[in-house]
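Student:
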Amino acid sequence: MEGETWHSSQGDFRLIDVKIILIDDQIDKASSIVSPLKENFGDAVEVVHVSNAIDARRRMRECRFDIALIDVNLPESIDSSPTAESGFAMLDMLKLDGKANLPDELIFITAREELKQEATAKAAARGAALHFFRDGDNVWAEVLVGRVGYILERKKRHKSPTVAVAIVTALSSPELDAVLNLDLSWRPYLVPGDPTRYYLGNMLAGSRTIEVVAACAPRKGMPMSAALAAKMAHIFKPKVLAMVGICAGVRGKVALGDIVVADPTWDWGSGKHAQNLDSTPVFRAAPYQSALRSDIASLIQAECRDSTLCSAVSAGWKDKVPGGRLSMHLGPMASGASVLAHDGAIGPIIEEHREVIGVEMEAYAVMAAAELCGTSPLVIKSVCDFADAEKSDGWQQYAAYTSAACLAYLIPKLAEAEIC
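If you use UniProt numbering, the sequence shown closes out at 420, no skipped numbers anywhere.
1. Report the CB separation of Cys420 from Lys231 in whole angstroms; it is logged as a contact under 8 Å.
2. What does DSSP give as the partner residues of Val383 in its beta bridges?
3. Starting from the C-beta of Leu180, find all residues in its chain whose C-beta is less than 8 Å away, skip the five residues before and the five after it, and write them out in chain order.
4. Alpha carbon to alpha carbon, what distance is there between Arg58 and Glu114?
5. May I have the straight-line CA-CA distance separating Asp183 from Gly316, to the nearest angstrom?
6. From the DSSP output, read off the bridge partner residues of Ala132.
7. Can you tell which of Met333, Asp385, Val143, Trp268 has the C-alpha that lies nearest to the C-alpha of Phe133?
8. Three Cβ pairs or more, each shorter than 8 Å: is that satisfied between the stretch 323-330 and the stretch 216-223?
9. Can you have a look at Tyr364 and say buried or exposed, based on whether 16 or more other CB atoms are within 10 angstroms of its CB?
10. Ala229 and Ala370: beta carbons closer than 8 Å?
11. Who pairs with Met90 in a beta bridge, going by DSSP?
12. How would you label Thr265, buried or exposed, when you count the other beta carbons within 10 angstroms and need 16 or more for buried?
13. Just curious, the alpha helix (DSSP H) that Ser32 is in, first and last residue?
14. Measuring CB to CB, does Ala368 end up less than 8 Å from Ser290?
15. For the pair the stretch 296-307 and the stretch 395-403, tell me if three or more CB-CB distances fall below 8 Å.
16. Would you call Leu94 buried or exposed, if buried means 16 or more other Cβ atoms sit within 10 Å of its Cβ?
17. Thinking just about the alpha-carbon of each residue, which of Leu372, Ala242, Ala387 is nearest to the one in Ile357?
18. Is it buried or exposed for Asn276, if we count other Cβ within 10 angstroms and need 16 for buried?
19. For Phe88, which residues in the same chain have their Cβ closer than 6 Å to its Cβ, ignoring the five residues on either side in sequence?
20. If I measure Cβ to Cβ from Ala415 and keep anything under 8 Å in the same chain, skipping five residues before and after, which residues do I get?
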């Protein structure tokens, strides 16, 4: 069947060690190719079968594959006829597509004797081998089983799943707790030699399964969050590096529980402590700002104008809530090394950026780590106090919930926009 996937029914992507995309328009041949893989490796291998070049390119935008098995003689679309050597043309197009996930291994196959000699040279020119498929000749099967066995052994020595979204929190309670309360089928995951306890989860976005990982920094503050964010980016290769949690808001601009998406962020303590000509002390701010990707910012702006997200988030909370309707904001968020809890504490920060709406202790670190690691940052924090003398912990759980639920709502939107 077109689009059929052979894999474990247990739904735990840690059991699938090798992902293969099989691009072939002949169902009988596809079944023959899958058979020795299942016989030798069982649920350790997932094979996704597509019958044409367009569907293959779409699937390789959505997923990462270890091996691509490509028939030399492919149709371009589901309603077109196969053309000679179109498998090579498909690979050439794939290499030009910056959004496609190129597979680690390439194997071309053909059952047509007249294509064998010329196709062998063309496969070699693309860094791949060509194998002849016919009844009674099992060389192709031996090669395929050998390659999969090698990949499995290599992955056993350093095995970490890749994910679409990595989620960082600064606090175990209430921030990580709020994330783990999301219905994402969470399970713990340990990396050898790494003291951090990770949690793997997944959610559906249309026909696609989005894989995510979450972890909490050992202590609050920018250094620990930067280290954890960079480590998760390196281990799990996420397309989006997100942070959720709680923040202080600027009174009059946001309300308790409101969701704040940071754009831009900066370290409000970055600058120089000097003195004026009259010897009075002065702080001269010199912050570097980190901003959202423009397409993510546009997506967030659209959600801020639409009440659907906030209505969905509000509907999921059954405990007491602050007065007023939940709102979502996109705006400046300042990070600093100190907890602020006195009247006038936010005043100097507003002088650095008059439009600031949120203040906390980690956002800039995560944004900077994402920038250096080549992934896309997204910081979502919700207001639990106003960093003044009335500061209390009363709304922390609610704020942690609204930020985590907001991210869960946004992940399918990010996937639909091909951001993750």
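Virtual Cβ for every residue (Gly too), placed ideally from N, Cα, C.
Tutor: If we stick to the structure as given:
1. Between Lys231 and Cys420 the Cβ distance is about 19 Å, and since that is not below 8 Å, they are no contact.
2. Cys247
3. Trp186, Tyr199, Ala214
4. 30 Å
5. 12 Å
6. Residue identity check: residue 132 is Phe in the sequence provided, not Ala. Thr110, per the DSSP bridge assignment.
7. Val143
8. no
9. buried
10. yes
11. Bridge partners of Met90: none, in fact.
12. buried
13. 27-41
14. yes
15. no
16. buried
17. Ala387
18. exposed
19. Lys122
20. Ala164, Ala205, Gly206, Arg208, Ile210
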